[in-house]
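Basically the working numbering = 1-based index in the sequence shown + 630.
For every residue, glycine included, the Cβ atom is placed at its ideal position computed from N, Cα and C.
Values in this document were obtained by computation on a predicted structure and should not be read as measured data.
Scroll down for the structure; my scribbles are underneath it.
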Amino acid sequence: MVHFVGAGSGAADLITVRGARLLTEADVIIWAGSLVNPDLLDYAKAGCEIHDSAKLTLEQVIEIIQKAEAAGKTTVRLHTGDSSIYGAVREQFDELEKLGIDYDVCPGVSAFCGAAAALKAEYTLPDVSQSVIITRAAGRTPVPERESIRSFAQHRATMVLFLSTSLASDVQRELIEGGYPPETPAAIVYKATWPDQKIFRCSVGTLGKTVRNNGLTKTSLLVIGDFLGNEYERSKLYDPGFTTEFREAEK
631 MVHFVGAGSG AADLITVRGA RLLTEADVII WAGSLVNPDL LDYAKAGCEI
681 HDSAKLTLEQ VIEIIQKAEA AGKTTVRLHT GDSSIYGAVR EQFDELEKLG
731 IDYDVCPGVS AFCGAAAALK AEYTLPDVSQ SVIITRAAGR TPVPERESIR
781 SFAQHRATMV LFLSTSLASD VQRELIEGGY PPETPAAIVY KATWPDQKIF
831 RCSVGTLGKT VRNNGLTKTS LLVIGDFLGN EYERSKLYDP GFTTEFREAE
881 K
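Rendered as structure tokens:
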């Protein structure tokens with residue numbers, strides 16, 4: 631059996647209870663060593679076989695899993711954050727299905743959730759933004775033109791950009807040309823929820839400069855939107871004048 635486990639957003643104790651249990655039971659762990667907190671390997675039992683996927687190809691990962699399966703061993707494939715976002719898991723699923731190897735998925739806390747926690751912010755504020763766009767800038771891996779940052783920017787919704795720190799100046803230009811005013815609040819969250827987490831608050835118009843001045847190149851999220859400002863409407867859910875399924879409005 632192969633368990634794909636989301637490691638969480640950084641801090642070792644932000645892995646799910648299920649994910650931690652699966653790590654303790656694993657005979658083989660294949661982990662994303664370039665991104666996952668190494669403290670999570672403390673969950674591994676004595677004698678567990680550990681492989682760093684940062685040094686492996688897809689074919690090599692599958693080969694390790696095949697050998698583990700042939701020996702009747704349980705494998706945990708440990709991915710950063712939640713594996714459904716930029717996790718490159720679909721290609722692994724497809725290969726395992728071809729081989730008739732059973733697998734399941736244990737979700738994790740994504741870095742975009744960790745960034746909101748670090749910022750003590752709510753992405754979806756009434757009358758500000760009710761949508762969160764999770765995307766990335768086009769770099770060595772292309773992005774479909776219909777999903778360009780410029781096209782998304784016209785909505786002026788909350789936007790969280792992964793894998794885009796080194797392209798911050800290009801992102802800044804695309805955001806402004808797409809529709810965000812330069813004064814729109816922004817933040818760069820470096821290694822959200824890790825012990826060395828850092829937060830840099832700025833605006834869309836100073837995004838590139840902020841990244842350059844602080845020497846940031848990776849492991850950061852770019853967070854954009856008026857939800858970082860001070861203006862919003864109170865939620866209807868707790869409004870005394872609003873009737874819900876559980877409470878009558880006050881007269």
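Measure from the alpha carbon of residue i to the alpha carbon of each residue in the options, then state which is nearest.
i: aspartate 657; options: Arg648, Gly640, Leu670 and Met631; result: Met631
i: glycine 845; options: Ala879, Ser714 and Phe830; result: Phe830
i: lysine 618; options: Ser714, Thr687, Ala684 and Glu679; result: Past the edges of the chain, shown from 631 to 881, lies residue 618, and the structure says nothing about it.
i: threonine 848; options: Val647, Arg648, Leu665 and Tyr862; result: Here the sequence assigns lysine to residue 848, which means threonine is not the residue at that position. The option with the nearest alpha carbon to lysine 848 is Leu665.
i: isoleucine 806; options: Asp826, Val819, Gly835 and Lys828; result: Gly835
i: lysine 685; options: Arg877, Ile660, Lys703 and Phe876; result: Ile660
i: lysine 675; options: Val691, Ala650, Phe792 and Ile692; result: Ala650
i: threonine 710; options: Ala787, Glu777, Thr646 and Ala879; result: Thr646
i: alanine 745; options: Lys866, Ala641, Tyr862 and Ile695; result: Ala641
i: glycine 808; options: Phe792, Ile854 and Val819; result: Ile854
i: glycine 717; options: Asp669, Gly636 and Glu752; result: Gly636
i: lysine 750; options: Gln722, Asp800, Gln760 and Val819; result: Val819
i: leucine 644; options: Phe723, Glu693 and Ala747; result: Ala747
i: glutamate 892; options: Tyr673, Gln760, Lys839 and Gln722; result: The question about residue 892 has no answer here: the residues shown for the chain are numbered 631 through 881.
State the CB to CB distance for the pair residue i and residue j, rounded to an integer number of angstroms; the pair is presumed to be in contact (CB under 8 angstroms).
i: valine 841; j: alanine 783; result: Going by Cβ atoms, the distance from valine 841 to alanine 783 rounds to 18 angstroms, so no, they are not a contact pair.
i: proline 737; j: aspartate 712; result: 5 angstroms
i: alanine 662; j: leucine 726; result: Alanine 662 to leucine 726, Cβ: 17 angstroms. No contact.
i: phenylalanine 857; j: valine 790; result: About 11 angstroms separates the two Cβ atoms, so there is no contact after all.
i: alanine 816; j: leucine 852; result: 7 angstroms
i: isoleucine 763; j: isoleucine 731; result: That belief does not hold up - the Cβ atoms of isoleucine 763 and isoleucine 731 are roughly 35 angstroms apart, past 8 angstroms.
i: serine 683; j: isoleucine 715; result: Rounded, the Cβ-Cβ distance is 17 angstroms, inconsistent with contact.
i: leucine 653; j: valine 719; result: Rounded, the Cβ-Cβ distance is 17 angstroms, inconsistent with contact.
In the structure shown, what three-state DSSP assignment does residue i receive?
i: glycine 711; result: strand
i: valine 882; result: Nothing about residue 882 can be reported from this structure: the residues present for the chain run from 631 to 881 only.
i: isoleucine 731; result: coil
i: proline 668; result: helix
i: leucine 851; result: strand
i: serine 833; result: strand
i: valine 801; result: helix
i: threonine 705; result: strand
i: lysine 828; result: strand
Quick one: using the 10 Å Cβ neighbour count with 16 as the cut-off for buried, is residue i buried or exposed?
i: serine 794; result: buried
i: tyrosine 868; result: exposed
i: aspartate 734; result: exposed
i: alanine 767; result: buried
i: asparagine 667; result: buried
i: valine 773; result: exposed
i: leucine 729; result: exposed
i: arginine 770; result: exposed
i: glutamine 802; result: buried
i: phenylalanine 634; result: buried
i: glycine 859; result: exposed
i: arginine 786; result: buried
i: glutamate 804; result: buried
i: alanine 879; result: exposed
i: cysteine 688; result: Here residue 688 turns out to be leucine, not cysteine, going by the sequence shown. Leucine 688 should be labelled exposed.
Since residue i is in the beta strand (DSSP E), which residue starts that stretch and which ends it?
i: glutamate 679; result: 679-682
i: arginine 766; result: 762-766
i: serine 759; result: No beta strand (DSSP E) contains serine 759, which DSSP labels as neither H nor E.
i: leucine 791; result: 788-792
i: phenylalanine 634; result: 632-636
i: alanine 816; result: 815-820
i: valine 658; result: 658-661
Ends of the alpha helix (DSSP H) at residue i?
i: arginine 842; result: 837-843
i: valine 691; result: 688-700
i: glycine 744; result: 741-749
i: threonine 782; result: According to the sequence provided, residue 782 is phenylalanine. The question's threonine does not apply to it. Start and end: 779-783.
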